[in-house]
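Reviewing the structure listed below.
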Amino acid sequence: MLISSNNLPIPFPYHTIQLTSTTRYLGVMQIYIPLVRQQIRKIGSASVISSTSKVLKPIKPDLSTISCTVVDQTGTVRAVSKKFPRATFLQQNKLFPRDLRKIDSSNVDVAPSIAVRSNGILVNLLHIKALIKRNEVLVFDTASPQSASKLSLFMYDLESKLQTKVVHSGMLGINNGNHQNILNQTYEFKTLECILVNVMAVLETELREHAAKVDKILKQLDSQIDRAVLKDLLVNSKDLTMFYQKSLLIRNTLDELLDNDEDLENMYLTENYEIKRLIVDQESDGKSSVLKAAKQDGSSNVNTNSNHHSLIQEGSESKDTGEIEMLLESYYKQCDEIVQQAETMINNIKSTEDIVNIILDANRNSLMVFELRVAIFTLGITVATIIPAFYGMNLKNYIEDSNIAFVGVTAVSVVLGGIMAIIYLRKLRDVRRMTMVSSKQLDQFDNDTKRGIHEKVRRQRESKTLEQRRKLEKEIVWKWLLGDHK
């Protein structure tokens, strides 16, 4: 239980939920996840984070040991940052040396994965790296301060979830018309669901942050294109792409796990343990009964072996993976929705970038056109000043005494300058005009193309007919020569 800044306990709003096996995880998804989101928002303040950071602190990775926090099936933290020798840890938990990379506590991001082993489920999703066993979970420490704070919040959620009873009516009790066979959700599924809830909550929080930033930038670009805003758009686009890749990898991990029936069956750690224990007990009871009844009946050994075989067959045939499939599929759909929203935002950013590039190109073209217009008017003025320059030379031109000379020279200069400006402005307009092919031109092009194709086909037919005629004439000549020779 966490303590707030005013020394008051922060309650966790979980309640005991009783659901049928058909709607169990749908009900849990609708009730449990919103409560977790509200609790994460409540404990997101600085006072709570400072208190939770005291639970788990960043641990530097060690090459010889593995540091982890152990939580038992009652939700009690048995050890915090407990260190195990790597060789001993692998031997006790029946893991492979290659599995150490998945639980590496360094800052290097490893691709998310959910690996099923004979003795547990190895989970590596975002900031959570854990080994789920039948009666305990080992949450591995991290070296990142941000991940350590998130991991502390997850430990709080995990403790509250494990202390909450989520029960459902078994199919046997429903069929019999009573509720005597009430089954608790197994420990490994509780822990896995708590991990998935925390991961989805973190993804949704990051998605909302990215959406708020991107929407703000896009609204600013709608009103004005600024260099600083474009720089912010580039940075947020990179962050959003990284988030999209991260969410996509998690979705693919859940999808691959759903497609692997063998891993789904092996995820029933408690059920598999009970089956193995019953088989061992049956074997021990069978051996003792054989020794006692060997003198009385020689067929006891056969009956014991048949019972043992029937027990194994019953345990193998009764394995139904619908429970874990429903759990994983619920969070797969939620993760897929997050991926789709991130992809939509990325597409919006790309569309905005294309539009901005078009606008910038149009502005650049407008500036070039303006510069060309200024150059054309400058050329017209230059041409207009040629005649007055000749007229103002200190030479005798025989029109000094004329009364209309000044008006005439001025008029001719203005007309010449205007003509030059009009000519080049028309040429500039023709260059700028982006003419599209009209329907009449398309029809004319189609008709010309069809006419050319028909003409080509006609020539081919005529050539074939001409070849056939020549061949026929050759045959007639040969027949005539052969007949005449005979």
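For the record, in the sequence shown the residue sitting at position 83 is 83 according to full-length UniProt numbering, with numbers rising by one throughout.
Cβ coordinates follow ideal geometry from the N, Cα and C atoms, glycine included.
First and last residue of the uninterrupted beta strand (DSSP E) at residue i
i, result
"Glu136", "136-140"
"Gly266", "Looking at the sequence provided, one finds Asn at residue 266 rather than Gly. Note, Asn266: premise wrong, no beta strand (DSSP E); alpha helix (DSSP H) at 261-266."
"Ile128", "128-132"
Closest Cα partner of residue i within the set the options
i, options, result
"Ser81", "Val116, Arg461, Ala130", "Ala130"
"Glu188", "Ala201, Ala212, Asp104, Leu162", "Leu162"
"Asn266", "Ile324, Arg429, Met368", "Ile324"
"Tyr273", "Arg78, Asp281, Arg134, Gly75", "Arg134"
"Ala384", "Ile250, Arg373, Ala411", "Ala411"
"Gln340", "Val235, Arg364, Val229, Leu248", "Leu248"
"Val71", "Phe154, Ser118, His127", "Phe154"
"Val229", "Arg98, Leu158, Val214", "Val214"
"Leu222", "Leu125, Glu353, Ile103, Glu283", "Going by the sequence as given, residue 222 is Asp instead of Leu. With distances taken between Cα atoms, Asp222 lies closest to Glu353."
"Ala115", "Asp263, Arg429, Tyr391", "Asp263"
"Asn160", "Asn447, Arg470, Gly75", "The sequence shown places Ser at residue 160, rather than the Asn named in the question. Nearest of Asn447, Arg470, Gly75 to Ser160, Cα basis: Gly75."
"Lys231", "Ile217, Tyr244, Leu240, Met242", "Ile217"
"Glu343", "Ile476, Ser237, Arg426, Glu193", "Ser237"
"residue 487", "Leu425, Leu100, Ser351, Asp281", "Summary: the structure shown does not reach residue 487, with the chain confined to residues 1 through 486, and so no result is reported for it."
"Val77", "Asp226, Ser144, Asp157, Glu271", "Asp157"
"Lys350", "Leu233, Arg459, Asp261", "Leu233"
"Lys276", "Val235, Arg364, Ala212, Ser118", "Ser118"
"Glu329", "Leu207, Asp255, Ala148, Leu240", "Asp255"
"Ile225", "Glu204, Val356, Phe377, Val374", "Val356"
Where residue i falls: helix, strand or coil (DSSP)
i, result
"Thr352", "helix"
"Val388", "Here residue 388 is Pro; the residue named in the question, Val, does not match the sequence. Note: Pro388 maps to helix in three-state DSSP."
"Ser402", "coil"
"Val409", "helix"
"Thr253", "helix"
"Ser64", "coil"
"Val110", "coil"
"Asn119", "coil"
"Thr449", "helix"
"Leu95", "coil"
"Thr69", "strand"
"Asn124", "strand"
"Asp226", "coil"
"Gln185", "coil"
"Ile217", "helix"
"Asp320", "coil"
"Met420", "helix"
"Gly44", "Note on Gly44: pLDDT 42, under 50, position unreliable in the model; the coordinate value appears next. Coil at Gly44, not helix or strand."
"Lys396", "coil"
"Lys57", "coil"
"Thr74", "coil"
Local Cβ density within 10 Å of residue i, reported as buried at 16 or more and exposed below that
i, result
"Leu481", "exposed"
"Gln92", "exposed"
"His210", "buried"
"Leu138", "buried"
"Gln468", "exposed"
"Gly417", "buried"
"Thr382", "exposed"
"Gln146", "exposed"
"Asn198", "buried"
"Leu257", "buried"
"Met393", "exposed"
"Gly452", "exposed"
"Ile43", "Residue placement at Ile43 is poorly supported in this model, since its pLDDT is 41, which falls under 50; the coordinates still yield a value, given next. Answer is buried; the Cβ neighbour count reaches 16."
"Gly380", "buried"
"Thr191", "buried"
"Ser402", "exposed"
"Pro97", "exposed"
"Ala421", "buried"
"Glu473", "exposed"
"Leu95", "buried"
"Phe243", "buried"
"Val123", "buried"
"Asp141", "buried"
"Thr88", "exposed"
"Thr465", "exposed"
"Gly408", "exposed"
"Ser64", "exposed"
"Lys479", "exposed"
"Pro85", "exposed"
Residue i: first and last residue of the uninterrupted alpha helix (DSSP H) it sits in
i, result
"Pro85", "Note, Pro85: premise wrong, no alpha helix (DSSP H); beta strand (DSSP E) at 77-85."
"Arg101", "Note, Arg101: premise wrong, no alpha helix (DSSP H); not H, not E."
"Asp157", "145-162"
Near the ligand ADP: residue i beta-carbon under 7 Å from a heavy atom
i, result
"Gly120", "Ligands in the displayed structure: none, and consequently the ligand ADP is not present."
Go through the region 326-351 residue by residue and report every complete run of the beta strand (DSSP E) that reaches 3 residues or more, in order. none
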